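Residue numbers (the working numbering), protein chains in the order written: chain A, 133 to 483; chain B, 554 to 860. C-beta atoms are modelled at their ideal positions from N, C-alpha and C, and glycine is treated no differently. Owing to the predicted nature of the structure, the values given are computational and were not obtained by experimental measurement.
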Amino acid sequence: MAGLRIERAPSPVWVRSLIPVFSIFVTFLLVSVLIISAGASPLQAFYELLIAPLTKTSARADILMMATPLILTGVAVTVAFLGGYFNIGAEGQLFAGAIAGAWIGTLVTDLPSTAAIPLMLLGGFLAGMAWALLPALLKVYLSVDEVVTTLLLNSVMLFIVSYLLNGPWRDPVSGWPQSPTIALSGQFPVLIPRSRVHLGLLVALASAGVMWWVLARTRFGLELRAIGKNREGAQFLGIPVRSRVLMAALISGGIAGLAGVSEVGGIHYYLSSTLSNSFGYTGIIVATLGALTMPGAVLAALFLALINRGALSASRELGVPVYLADVIQATLLLVSLSFLLLNRYRIRIRR
Amino acid sequence: MELSIESILVLFGATLRIATPILLGALGETVIERAGILNLGIEGTLLLSSFTGFVAAQVTGSLWIGLLAAMLTGVVLCLLMGLLSVTLGVNQHVSGLGITMLATALALFWFRLQYGGGTTPPALDESFQPLQAFTGTPLEPVFSQHWLVYVALLLVPVTAWMLNRTSFGLRLRSVGENPEAADTAGVSVYRVRYEALIVGGILMGLGGAFLSLAQLGAFSHGIINGRGWVAIAIVIFGNWRPGRVLAGALLFSFVQALQLRLQASGIALPYELLLALPYLLTIVAIALVGRNVSAPAALLKPYRREG
């Protein structure tokens, strides 16, 4: 009798390389139901989401701007996940970086940009690392699950930000819960005239490039990937698992911190609690869609930014709530997680 | 703030009210985790069930239908968690977070469709009202609570009894501790895990509904505001046992109630730092206890039959 059989062996390469295409297709099929429920035509909505933003110069620039924090958090999450360290704390680490960036940004009034901006980036990187340190230490020395600790520290960080903005850092001029504006020399230069694409994009691409090189070409990268694939095996081979995982967790926190500096220095020029639209959590989607590779993360971040920008026009043109973008991203994550099983299993037709 | 018996009793009353949705969520999470699944979808599950409960109550005019809709939403989202983590065996962390993201996005999407972009939260004409008990006595603020508060408290021994004294509980714990042995003994691991998810989903649905149908009688985007993450922390803090989970929920809620009280009385205090305290305490507790001691042994591990 004919039937389907699931075997524990990787699916053929052509199937695996089509996983992103399958995932996107199935996601849009599922989301069509919602679009119809909102009284719009799915085809028109997909045009607004995926094509329309690419036809206008200003929208293309918006995509680059919106992709910037997502590239950084995606790279951050990828580095940690590759080593088998599930850093869910990028959101908190991003805010740690934002706090450092906003603080240093107000101190650098007398410095030229060429000194002020690197200082802010360095401070943000270190702050993100510092916020990632405790869960990483607990993980490698006490085997405490990092997911719960990093998740809880995200909430703690939100309280710290709220404390700063309602207390010592409340803007004395406006009285709004936002920190004082950073010095002009700390504000990132704009890369494309008449747009909001800022230096942060180069920082993000450089981070992705450097981490690609580190993971692909250095001993650290090789060992980290070995740990991620098989922790016990790596230990057996004499790889210093603890220090490698610790390092990956700290780098991950540091890069997430850069995302915070980039939003402060490039977009807002002050710290606020609405600085991040869940960029840290979206980083997990970026890393998963990008199949834990650096080029993949950059592409995934650009794709999600396209959907975010597209949802704005879909909302304006068709009246579909802008949260459609969030629905698509979450669905895409769950669908592609399921399809990624094809890397480990294959389906055969049994006769 | 004056310290009188009355003010302390009011504080206790507030503690119970604040604890209820967290306790319901944490009990649901306990049941699910004891079966071997970490459900990080809880935050979104609370939000979406609180929303569907609200909408169903408003559309039908029946709070009971609202309650039912909320529980059904909890079950559906937990079944989705089951599809991903039990049937497909996908990474539980990422699938749970994905469900939170999806449920949150759906709640916000449908909210916008239903109520437009207004900033004032829609409210129910009629919501569940607190029971009247000990009226006119100092005990009134403690015991005049919504009936769901009492249900939540009652569910603590019920859950403990179910886990420890029933054959369903035995099977549930066995698939959470040693699925291979349970399977050999003829227990269907998948089936029991799905059953645990259904029970947990009902509890989470009740937790979400309590906020929108009883305590607030309204819905807003921030209605859950991290309560799901608190529940996750409390389950660990409570060592996966309903009684201790209750203790954790009450402790957390007492700090919250105290903080609100201090804030209202105008005492200048960095209350955000006070609010962060329970989270830090949980991290310390996890570090001290070490998660290997009492966490269900098969937590986070998808079960696959060999062969």
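Report task. In angstroms with no decimal places, state the Cα-to-Cα distance between B:Gln611 and B:Glu679. Result -> Here the alpha carbons of B:Glu679 and B:Gln611 stand approximately 9 Å from one another.
Query raised in the report: Do B:Ile575 and B:Val783 have their CB atoms nearer than 8 Å?
Result: yes
Query - Cβ-based burial, B:Leu684 [other Cβ within 10 Å; buried from 16] - result: exposed
Requested in this report: Could you round the C-beta distance between B:Gly597 and B:Met634 to whole angstroms and report it? I think they count as a contact, below 8 Å.
Outcome: Rounded, the Cβ-Cβ distance is 10 Å, inconsistent with contact.
**Report entry** Distance between B:His699 and B:Gln768 (C-alpha atoms, nearest Å)
**Finding:** 8 Å
Requested in this report: Would you kindly report the start and end of the unbroken alpha helix (DSSP H) that includes A:Arg441?
Outcome: 426 to 450
Requested in this report: Spell out whether any CB of chain A is found under 8 Å from the CB atom of B:Ala817.
Outcome: no
Query raised in the report: Could you check where the beta strand (DSSP E) with A:Gly215 kicks off and where it finishes?
Result: DSSP places A:Gly215 in no beta strand (DSSP E); its state is neither H nor E.
Query raised in the report: Are the beta-carbon atoms belonging to A:Gly318 and A:Gly385 less than 8 Å from one another?
Result: With respect to the 8 Å criterion, A:Gly318 and A:Gly385 are not classified as neighbours on the basis of their beta carbons.
Report task. Compare the beta carbon distance of B:Leu701 and B:Phe607 with 8 Å and say whether it is the shorter of the two. Result -> no
Query raised in the report: From this set, B:Trp617, B:Arg858, B:Glu733, B:Gly651, which residue's C-alpha is nearest B:Gly758's C-alpha?
Result: Nearest option by C-alpha distance: B:Trp617.
Query raised in the report: Would DSSP call A:Arg349 helix, strand or coil?
Result: helix
Query raised in the report: Which residue comes first and which comes last in the alpha helix (DSSP H) that contains B:Glu693?
Result: 693 to 696
Report task. Could you check what DSSP says for A:Met133 in three-state terms: helix, strand or coil? Result -> Any reading at A:Met133 must be qualified, since the residue scores a pLDDT of 48, below 50, and its modelled position is unreliable; the value itself is stated next. Reduced to three states, the DSSP call for A:Met133 is coil.
Report task. Kindly identify the DSSP beta-bridge partner or partners of B:Ala771. Result -> B:Ala676
Requested in this report: Name the one or two DSSP bridge partners that A:His330 has.
Outcome: The partner list for A:His330 (beta bridge, DSSP) reads A:Val322.
Query raised in the report: Got a sec? Which residues, its chain only, sit under 6 Å from A:Pro312 by beta carbon, not counting five neighbours each side?
Result: So the list reads Thr238, Asp303, once near-sequence residues are dropped.
Query raised in the report: So is A:Gly299 in contact with chain B if we call contact Cβ pairs under 8 Å?
Result: yes
**Report entry** Residue nearest to A:Leu421 in terms of C-alpha spacing, selected from A:Leu202, A:Thr189, A:Pro185
**Finding:** The option with the nearest alpha carbon to A:Leu421 is A:Leu202.
Query - Proximal residues to A:Leu265 (C-beta, below 7 Å), its chain only, five neighbours per side dropped - result: Leu382
Query raised in the report: Closest to B:Val728 by CA distance: which of B:Ala623, B:Glu586, B:Leu562, B:Arg570 is it?
Result: B:Glu586
Query raised in the report: According to the Cβ coordinates, are A:Val329 and A:Met197 closer than 8 Å?
Result: yes
Query raised in the report: Would you say A:Tyr101 and A:Glu223 are within 8 Å of each other, going by their C-beta atoms?
Result: Chain A is shown only over 133 to 483; residue 101 of chain A falls outside these bounds and no answer can be derived.
Query raised in the report: Relative to the C-alpha of A:Ala433, which residue among A:Ala462, A:Ala199, A:Val322 is closest?
Result: A:Ala199
**Report entry** Nearest candidate by alpha-carbon position, reference B:Ala810, set B:Ile558, B:Val563, B:Glu559, B:Ser557
**Finding:** B:Val563
Query raised in the report: Taking 8 Å as the CB-CB limit, is B:Thr598 close to chain A?
Result: no
Query raised in the report: How about B:Leu655: is its C-beta nearer than 8 Å to some C-beta of chain A?
Result: yes
**Report entry** Three-state secondary structure assigned by DSSP to B:Ile590
**Finding:** In the structure shown, B:Ile590 falls within a coil segment according to DSSP collapsed to helix, strand and coil.
Query - DSSP-derived helix/strand/coil call for A:Arg486 - result: The requested residue 486 of chain A is not part of the displayed model; chain A covers only 133 to 483.
Report task. Counting only the same chain and skipping the five closest in sequence on each side, list residues whose C-beta sits under 7 Å from that of A:Trp146. Result -> none
Report task. Taking only the alpha-carbon atoms, compute the straight-line gap between A:Val165 and B:Glu582 and give it to the nearest angstrom. Result -> Rounded to the nearest angstrom, the two C-alpha atoms are 30 Å apart.
Query raised in the report: For A:Phe291 versus B:Ala829, is the C-beta distance shorter than 8 Å?
Result: yes
Query raised in the report: Can you tell me the Cα-Cα spacing of A:Arg357 and A:Leu469, whole angstroms?
Result: Taking the straight line from one Cα to the other gives about 20 Å.
Query raised in the report: For B:Tyr832, which residues in chain A fall below 7 Å Cβ to Cβ?
Result: Result: Leu284, Ser287, Val288.
Query raised in the report: Is there a Cβ from chain A that is less than 8 Å from the Cβ of B:Arg665?
Result: Yes, B:Arg665 counts as interfacial toward chain A.
Query raised in the report: Helix, strand or coil: how does DSSP classify A:Ile138 here?
Result: strand
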